Amino acid sequence: MDWRNKAAPLKEIFKDCVLCPRQCHVDRTQGQLGYCRIPAKITMDCALPHHGEEPPLSGTCGAGTIFFSSCNLGCLYCQNYQISHCTCGQELDSSALAKVMLDLQRRGCHNIEPVTPTPQTPLIMESLLLAREQGLKIPFVYNCGGYENPRIIKMLDKMVDIYLPDFKYGVAEDGAAFSAVSDYPRYALDSLKEMVRQVGADLEMENGIAKRGVIVRHLVLPGKLENSRAVFRLIKKEISTSVAISLMSQYTPTDKVRNHPQLGRRINEAEYNQILNFALDLGFDNLFIQEVSEENLLPDFDCENPFK
Ligand code: SF4
1374 MDWRNKAAPL KEIFKDCVLC PRQCHVDRTQ GQLGYCRIPA KITMDCALPH
1424 HGEEPPLSGT CGAGTIFFSS CNLGCLYCQN YQISHCTCGQ ELDSSALAKV
1474 MLDLQRRGCH NIEPVTPTPQ TPLIMESLLL AREQGLKIPF VYNCGGYENP
1524 RIIKMLDKMV DIYLPDFKYG VAEDGAAFSA VSDYPRYALD SLKEMVRQVG
1574 ADLEMENGIA KRGVIVRHLV LPGKLENSRA VFRLIKKEIS TSVAISLMSQ
1624 YTPTDKVRNH PQLGRRINEA EYNQILNFAL DLGFDNLFIQ EVSEENLLPD
1674 FDCENPFK
């Protein structure tokens, strides 16, 4: 089957969009827009070797990160809001995006990592399949917000090598308050189960570089420790403690939430350590951990690797 036919079932979903659990049921091929405000086109912000991801992804030469405009979550505090809250990137067709992927490989990147792929998945996968035909060999990393439709994740079987989902909320009310979704934990869990079914719970590495598996990211939010504990409890109860978890400390208030009563400050070391110890006590031992820093850690794409 050629790459066009393999991507066709995914592209059909644009006509009655249920690519994410918001299930807007709009026909994006006719210019109708759902919550993510992106039509059925690729809208890319930038592509670059990214040295700030977890060490098995960034390695020595960088992850091959491709930032796409918009997102299906729209979190109040998004650390990357300049890209994810806007729809103003460059429009590309699938052939052009395949060339971007091949160029990242030529530059030595260890993988191809779209951020955030969810609303643009059909055309990103079409580009991936075309790039594979043209010689793309490096792993494909699906870096998403965790609020995924498990039926769509199932359709990505055998195309994704590494899943890198967030698990933002174990407490549904926090998802409602900060990301306008009432059912985040259920969708995140069911999607994660499907991801683990496809690529396994254990991270497969070669010379320190991830080749296959799952890394779950959890960003600790200020004062929201019960939310974080709930994330670990759910993953232990419904999946496994062997899943690799990246416990992120770098939350920094953006201008949008500078005066927010809960989100207007960074987390402190005691908060981070409470969650780290809670995870260790539950039996999670495959953790990527960070130091808690006083610095402003909003992303700077030439930034130092915060996991060092
Ligand atoms: S991808 Fe966008 S249009 Fe489709 S269901 Fe999600 S938010 Fe709605």
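Each number in the numbering used here comes from the position in the sequence shown (counting from 1) with 1373 added on. Virtual Cβ for every residue (Gly too), placed ideally from N, Cα, C. These figures come from a predicted structure and were not determined experimentally.
Check	Outcome
Which residue from MET1498, LEU1649, THR1491 puts its Cα closest to that of CYS1393?	THR1491
Once you ignore the five residues that flank MET1474 on each side, which residues in its own chain have a CB closer than 8 Å to its CB?	GLY1437, ILE1439, ILE1485, SER1500, LEU1501, ALA1504, LEU1509
Among VAL1569, LEU1430, PHE1605, which residue has its Cα nearest to the Cα of PHE1651?	PHE1605
Please report the distance separating the alpha-carbon of LYS1470 from that of ILE1612.	The residue asked about is misnamed: residue 1470 is Leu in this sequence, not Lys. Cα to Cα, the separation comes out at about 34 Å.
Around the ligand SF4, what residues have a beta-carbon under 5 Å from a heavy atom of it, in chain order?	CYS1390, LEU1392, CYS1393, ARG1395, CYS1397, GLY1407, TYR1408, CYS1409, ASN1445, PRO1492
Kindly list the residues whose CB is nearer than 7 Å to the CB of SER1431, restricted to its own chain and excluding five residues on each side of it in sequence; keep chain order.	HIS1423, HIS1424, GLY1425, ASN1678
Checking 8 Å against the spacing of the C-beta atoms, do GLU1464 and ILE1415 come in under that value?	yes
Round the Cβ separation of PRO1512 and ARG1585 to the nearest angstrom and send it over; I've been treating them as touching at under 8 Å.	7 Å
In angstroms, rounded to a whole number, what distance separates the CA positions of GLN1403 and LYS1388?	8 Å
Can you tell me whether ARG1401 is buried or exposed, with buried defined as 16 or more other CB within 10 angstroms of its CB?	buried
Report buried or exposed for ARG1395, applying the criterion of at least 16 other Cβ atoms within 10 angstroms of its Cβ.	buried
Run through DSSP, which three-state label would SER1457 get?	helix
Tell whether a beta-carbon distance below 8 Å holds between SER1601 and VAL1589.	no
Pull up the distance between the alpha-carbon of ASN1445 and that of TYR1408, whole angstroms please.	7 Å
Please classify PRO1487: is it buried, with 16 or more other beta-carbons within 10 angstroms of its beta-carbon, or exposed?	buried
Which residues in the same chain as PRO1626 place their Cβ atom closer than 8 Å to its Cβ, once the five residues preceding and following it in sequence are excluded?	TYR1450, HIS1633, LEU1636, GLY1637, ARG1638, ARG1639
CB LEU1607 to CB GLY1543, shorter than 8 Å?	yes
Please go through the same chain and pick out, in chain order, the residues whose beta-carbon is closer than 7 Å to the beta-carbon of PRO1382, but skip the five residues on each side of it.	MET1528
Around the Cβ of CYS1390, are there at least 16 other Cβ atoms within 10 angstroms (buried) or fewer (exposed)?	buried
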